[in-house]
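For the sequence shown, my numbering gives the first residue as 216, with consecutive numbering after it. All C-beta atoms, glycine included, are put in the ideal place defined by N, C-alpha and C.
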Amino acid sequence: MSQPKRALGKGLGALLKTSNTNPVEEGKIVLLPLSSVVPNPFQPRSHFSTESIQELADSIDKNGLLQPITVRQSGEVWQIVYGERRFRAYTLLGRSEIPAYIQDYDDQQMLVNALVENIQREDLNPIEEAVSYQRLAQELQLTHEELASSLSKSRTYITNSLRLLRLPVVVLDYVKNKVLSPGAARALLAIESEELLKKAANDVIVQGLNVRQVENFVKDLLSKRPETKSRKSSGRLVSASLQTHLQDKIKVPFSINANAHGIRLELRFETEEEIEEFLSSI
């Protein structure tokens, strides 16, 4: 069953739905056995810096826990809604109990809250950010425009972020590990062949090219491809220079074929938002 769309236009608060009930003993904090607390099953974050957790543990040991974690009950355990870093720091300190607020959240609220909290991280890498946007849009059935409005981002920013997810896994890892910039990676998306794209990504990294240089590199690469002939009997060719000129102008994946009846140009888009963005640029 589809979920109704959330209210828009109020920033992150529009996406964050509060719990159905107030915290247990409102205004008070309960102590929970650390052994009964588990991470949010919908947590999109896969890596926590050991160094940052140690720093947080040292701070808690010296100054105490300034903000309790928030949990929900699930069977015999308590699932973390907010505060997994604090939970990990407490575990590192060898504590047996942790202060917590208990609230009632459903699975969708758990997922959305985890995603929004993840987006606000300072150390968020571009791929984690894109995945969070994608999951939020899917879960809440939001267009790029609606998601951008809720997060106080531009639609172009959201769309460009999501475009990164078209990259092959190995290239996604390059971006995630900061050996290839998001802008350079997006420029490589003009290359249709996955194998050629991966090879080009390696070349870009080795040569240390910036975004503008990558764009020129891709143009040169595409211009060297064999000229396309759609039908041997037609005798018509599509010049490499025309393909390069089109790529420079339209900046979206395309295919062009020639036959005895004419030339057909096909543009490929994954979402309506991408079409709208393309139309507004011409």
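Residue nearest to S365 within the set L387, P254, I334 and V386 is I334 (criterion: CA-CA distance).
Taken atom to atom, the span from the alpha-carbon of I295 to that of I284 is near 7 Å. In the same chain as K368, and ignoring 5 residues on each side of it, no C-beta atom comes closer than 6 Å to its own.
Closest in alpha carbon position to E343, among I406, D388 and L412, is D388. The DSSP-derived three-state label of G398 is helix. With a 10 Å radius around the Cβ and a threshold of 16 neighbouring Cβ atoms, N431 comes out exposed. Under DSSP, V292 takes part in a beta bridge, and its partners are S289.
Beyond the five residues adjoining it in sequence on each side, A352 comes within less than 6 Å, by CB distance, of L362 in the same chain, given in chain order. Put simply, the backbone Cα of V252 is about 19 Å away from that of E332. Its Cα nearest to that of P314, the residue A304 stands out among A304, D322 and R427. If the five residues before and after I465 are omitted, its C-beta is found closer than 6 Å to no C-beta atom of its own chain. The three-state reading of DSSP puts S264 in coil, since its state is none of H, G, I, E or B.
Between I406 and A415 the beta-carbon gap is near 6 Å, inside 8 Å, which marks them as a contact.
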